[in-house]
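Engineer:
Numbering (the numbering used here), first residue to last: 150 to 376.
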């Protein structure tokens, strides 16, 4: 992973993969990966095995619980998941293969590069859930929510599209609000407190969220609409 200001920072690899997952990655991952080595051409629908009519991006999908849940629930939508952590990618590949999902593609590197490669106004939603909060102030510049990446979100979303964010780290929630509400391209959708206290509709939860609850932290759920 690069050290760019707008990178999705994180570990590349954790514990060794099992032999089964190693074989599955070798067999299935090449067909699922989005290749940004050449300029984008054609249509986003052409990336997917199944017929889809709208497109969503999840940045840093962890073990893929939410990504796979959403793809199962909405077979008419094409989902792209970006995750630099190899073990998380392996879990997602296993789940996508087991469930035979033809509406999922994966990207294993810097999500900022993927956003630059995608055509403008192509996505109806971008999800960023429980990103690394970089809690020390001297590391805040590494947070994925930044002026540069909000520029990318504004470019990539269709008018009316959503940027959704969830975190259990209060300083990162405040950081995200401060960065987004001043942008002329976005409106915060909240009208009452429960709009950010309660999970998004159909939310399956994630392992990071379960850990937050177990440690006594309350997540916030923010949604911003592209004007």
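Even for Gly, the Cβ is constructed at its ideal location relative to N, Cα and C.
From this set, 265, 354, 342 and 218, which residue's C-alpha is nearest residue 247's C-alpha?
Structural biologist: 218
Engineer: Identify the residues that DSSP records as bridge partners of residue 336: which are they?
Structural biologist: 374
Engineer: Are there 16 or more other CB atoms within 10 angstroms of the CB of residue 360, so buried, or fewer, so exposed?
Structural biologist: exposed
Engineer: Please give the ranges of any alpha helix (DSSP H) in the stretch 189-230, keeping only runs that are unbroken, at least 4 residues long and fully inside the region.
Structural biologist: 214-222
Engineer: Which same chain residues end up closer than 6 Å to residue 292 when comparing Cβ atoms and leaving out the 5 residues on each side of it in sequence?
Structural biologist: 283
Engineer: Considering just the uninterrupted stretch of the beta strand (DSSP E) at residue 272, what are its terminal residues?
Structural biologist: Following the DSSP letters along the chain, one finds residue 272 inside the beta strand (DSSP E) bounded by residues 272-278.
Engineer: State the Cα-Cα distance for the pair residue 98 and residue 279, rounded to the nearest angstrom.
Structural biologist: Look at the range of the chain in this structure, 150 to 376, and you will see that residue 98 is not part of it.
Engineer: Over the uninterrupted alpha helix (DSSP H) stretch that includes residue 362, give me the two end residues.
Structural biologist: 356-363
Engineer: Check residue 302 in the structure and name its three-state DSSP category.
Structural biologist: helix
Engineer: Which whole-angstrom value is the C-beta distance of residue 201 and residue 225, which I expect to be below 8 Å?
Structural biologist: 6 Å
Engineer: Less than 6 Å between the CB of residue 286 and some heavy atom of the ligand MN, yes or no?
Structural biologist: The model on display carries no ligand, and the ligand MN is accordingly not part of it.
Engineer: Please classify residue 267: is it buried, with 16 or more other beta-carbons within 10 angstroms of its beta-carbon, or exposed?
Structural biologist: buried
Engineer: With DSSP as the reference, please indicate the residues paired to residue 246 in a beta bridge.
Structural biologist: Per DSSP, none; premise fails for residue 246.
Engineer: What are the boundary residues of the alpha helix (DSSP H) that includes residue 329?
Structural biologist: 319-330
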